[in-house]
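Colleague: In terms of our numbering, the sequence shown opens at residue 113 and continues consecutively. Okay, here's the structure, questions in a sec.
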Amino acid sequence: MRNKFFLAAIVGIFLTFAGCSGKESKKAEEKKSSPQTPQTQVAEKKPWEQVKLDPNSRPVVVIETDFGNIEIQLRPDKAPKTCANFVYLVKKGFYNGLTFHRIVPGFVIQGGDPTGTGRGGPGYTIPAEITDLKHTTGAVACARLPDQVNPNKESSGSQFYITLKPTPFLDGQYTVFGYVIKGMDVVQKIAQVKTGPGDHPLKPIYMRKVYLKEETLTPKKSE
113 MRNKFFLAAI VGIFLTFAGC SGKESKKAEE KKSSPQTPQT QVAEKKPWEQ
163 VKLDPNSRPV VVIETDFGNI EIQLRPDKAP KTCANFVYLV KKGFYNGLTF
213 HRIVPGFVIQ GGDPTGTGRG GPGYTIPAEI TDLKHTTGAV ACARLPDQVN
263 PNKESSGSQF YITLKPTPFL DGQYTVFGYV IKGMDVVQKI AQVKTGPGDH
313 PLKPIYMRKV YLKEETLTPK KSE
């Protein structure tokens with residue numbers, strides 16, 4: 113899974129302009145440099161800050177494919193930023209029409225790259241939220257850059273994978289943020305598609321529509 117994802121990082125550039133001095137009058141100079149009327153810059157909220165999820169809720173995201181539907185139950189109690197970002201992108205329609213661009217039988221299927229190459233994303237990464245959630249069959253987790261260029265294990269902004277069987281060697285390395293609760297048979301069907309170089313399917317496997325089941329946002333007292 114490493115060495116497959118090359119994501120662009122967001123770099124904020126702040127430019128500061130100062131007033132000129134010289135032959136201008138003191139009054140004009142003071143007016144230009146006066147701190148009494150500063151131009152306040154309000155920092156834009158990060159994508160995962162724009163969605164509020166109750167940590168006791170278990171939102172379910174549905175992925176419609178030509179093979180059937182996959183339902184993923186999110187775990188905002190364990191990975192709040194990752195889940196909020198995922199819901200943010202889902203509500204924007206970001207995933208509609210994207211593909212599962214990488215298929216490794218007996219291991220994972222991976223998708224969420226707008227370029228379909230394994231190198232794309234939304235233009236940002238997400239802080240790692242590595243917890244005690246395990247890579248069991250049907251675990252849904254974020255892809256990320258390799259350690260040598262990403263020591264903090266920050267996650268891809270949009271790419272995710274679904275495990276086809278237990279993969280405990282990935283535990284503690286990647287952010288697990290949900291599990292397939294329905295449609296694992298669909299995931300396994302996708303995993304049987306023929307692939308070519310780079311584990312890319314020979315025919316595109318589309319996420320036709322990805323949406324949120326709103327009724328699942330309410331907290332469940334039993335959990």
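Glycine included, C-beta positions come from ideal geometry on N, C-alpha and C.
Taking the continuous alpha helix (DSSP H) assigned at K301, which residues delimit it?
Modeller: Residues 296 to 302.
Colleague: Assuming H247 and T287 make a contact with CB atoms under 8 Å, what is their CB distance in whole Å?
Modeller: That pair is no contact at about 11 Å.
Colleague: What are the partner residues of A253, as DSSP defines its beta bridges?
Modeller: Bridge partners of A253: Y273, V288.
Colleague: Excluding sequence positions up to five away, which residues of its chain have a Cβ less than 8 Å from the Cβ of V305?
Modeller: Excluding sequence neighbours, V305 sits near I215, P313, L314, K315, I317.
Colleague: Three-state secondary structure (DSSP) at Q185?
Modeller: DSSP places Q185 in strand when its eight states are reduced to three.
Colleague: Tell me, please, whether the region 203 to 222 touches the region 178 to 185 by the rule of three or more beta-carbon pairs shorter than 8 Å.
Modeller: No: fewer than three Cβ pairs fall under 8 Å.
Colleague: Among F281, P263, A255, T279, which one has its Cα closest to the Cα of G269?
Modeller: Of F281, P263, A255, T279, the residue nearest in Cα terms is A255.
Colleague: Would DSSP call E176 helix, strand or coil?
Modeller: E176 falls in the strand class under three-state DSSP.
Colleague: What's the call for G284, buried or exposed, on a 16-neighbour Cβ count within 10 Å?
Modeller: With fewer than 16 Cβ atoms within 10 Å of its Cβ, G284 is classed as exposed.
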